[in-house]
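Numbering-wise (the working numbering), the sequence shown opens with residue 1 and increments by one.
Note that the Cβ used here is the ideal one computed from N, Cα and C, for glycine as well.
Remarks on the structure that follows.
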Amino acid sequence: MTSALTSDSDTATTLTADQLNEMRAEARRRSAGLIDPCALNRIGCMPFYPEWATAVLGRDFPGVRWLHSWEITLLDMALDAEPNRPTPAAVRERQEKAREDHEALQRAAADAYAAKEAAWRQLRDRLPITVSVGHNWTLGHWESGYQSGREHIVAQEDLYLGRLRRKAKQVFCETPAKVTSGRRNKDPLRGVDRDDDGEDRIPTCKACLKVAERIARPTSKINDKEF
Ligand SMILES: [Zn+2]
């Protein structure tokens with residue numbers, strides 16, 4: 001789309017004032033107050049910057065729909081006369097700004113993800129058993145309204161902690177009553193990947209995270225793990 005546009009000038013058009021004046025007079029003559037449908041079609045399809053059209057028209061480019069018939073002819077003639085249209089400084093600034101905004105957003109998203117990942121690793125290290133993170137592939141998962149996220153914490157060892165019991169491969173939020181009651185063959189957790197190591201995943205299931213927080217060792221005791 002922008003291949004015909006060069007970027008080595010700060011002007012919107014390389015056409016001179018004399019050339020433009022001549023072209024404007026010619027366009028008025030040619031159009032004779034009538035819209036040229038071919039010209040209209042061409043200026044609707046060809047890429048040009050509004051700054052370029054403004055320089056050619058000699059007034060703010062109002063958009064193709066609001067052009068006078070002779071202006072349509074004029075823009076069509078100018079497109080022919082200047083196939084390599086310069087990229088004005090304002091456009092380059094706009095493009096640069098858009099690129100910077102995009103990069104800033106990407107950086108912020110990456111930072112947020114890294115922070116979440118670090119928080120999860122810290123919580124995982126405080127858990128009394130080895131766990132993994134499994135994606136829940138169950139269709140209709142959202143309809144069940146049971147889990148709050150797609151990534152669940154899967155116990156990789158049996159866990160017996162007071163009244164809390166999870167066998168290896170069971171999901172932290174998986175209570176027998178909730179999974180089976182009234183949902184025969186509709187267990188919303190049947191699609192959890194229980195064997196994935198989940199190294200590239202962060203749990204999003206709030207119920208799982210709540211259980212994990214409850215059974216995690218206090219932060220200050222992380223270094224006492226072996227005792
Ligand atoms: Zn869960």
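Using only the alpha-carbon positions, how far apart do Asp-193 and Leu-127 sit? 20 Å
Given that a residue counts as buried once 16 or more other Cβ atoms are within 10 Å of its Cβ, and exposed if not, what is Trp-70? buried
Out of curiosity, what's the CA-to-CA distance linking Glu-100 and Ala-110? 15 Å
If you run the structure through DSSP and keep just helix, strand and coil, what is Asp-8? Confidence in Asp-8 is poor, its pLDDT being 44 and thus under 50, which makes the residue's placement unreliable; the coordinate value appears in the next sentence. Reduced to three states, the DSSP call for Asp-8 is coil.
Where Ala-155 sits in the DSSP three-state scheme: It is a strand residue.
Round the Cβ separation of Thr-13 and Arg-85 to the nearest angstrom and send it over; I've been treating them as touching at under 8 Å. About 7 Å separates the two Cβ atoms, so the contact holds.
Runs of beta strand (DSSP E) wholly within the stretch 72-137 (minimum 3 residues, chain order): 131-135
Identify every run of the alpha helix (DSSP H) within the stretch 5-62, keeping only runs that are complete inside it and at least 4 residues long; order them along the chain. 17-31, 37-45, 50-57
Residue closest to Asp-196, alpha-carbon to alpha-carbon, out of Glu-151, Thr-204, Ile-215, Cys-205: Cα-wise, what sits closest to Asp-196 is Glu-151.
Any idea what DSSP makes of Arg-163, helix, strand or coil? coil
Looking only at DSSP bridge pairs, what is Val-192 linked to? Asn-136
What is the rounded straight-line gap between the Cα of Pro-130 and the Cα of Arg-107? In the sequence as displayed, the identity of residue 130 is Thr instead of Pro. Between Thr-130 and Arg-107, the C-alpha separation is close to 32 Å.
Pair within 7 Å by beta-carbon distance, Ala-27 and Leu-74: yes
Between which two residues does the alpha helix (DSSP H) carrying Ala-212 extend? 206-215
Any heavy atom of ligand 1 within a distance shorter than 6 Å of the CB on His-135? no
What do you reckon, are the CB atoms on Leu-123 and Ala-212 nearer than 7 Å? It is a contact, given that the beta carbons lie within the stated cut-off.
In angstroms with no decimal places, state the Cα-to-Cα distance between Ser-9 and Ala-90. Low local confidence applies: a pLDDT of 49 at Ser-9 is under 50, so the model's placement there is unreliable, with the coordinate-based value given in what follows. Between Ser-9 and Ala-90, the C-alpha separation is close to 11 Å.
With burial defined as no fewer than 16 other Cβ atoms inside 10 Å of the residue's Cβ, what is the status of Leu-189: buried or exposed? Around the C-beta of Leu-189, 16 or more other C-beta atoms lie within 10 Å, and the residue is accordingly described as buried.
For Ile-72 and Arg-94, what's the separation of their Cα atoms in angstroms? 26 Å
At a cut-off of 6 Å, would you count Cys-173 as near ligand 1, judging by its Cβ distance to the nearest heavy atom? yes
Just confirm the distance between the C-beta atoms of Thr-64 and Gly-44, as a whole number of angstroms; I'd bet it's less than 8 Å. According to the sequence provided, residue 64 is Val. The question's Thr does not apply to it. Contact holds; Cβ gap of about 6 Å.
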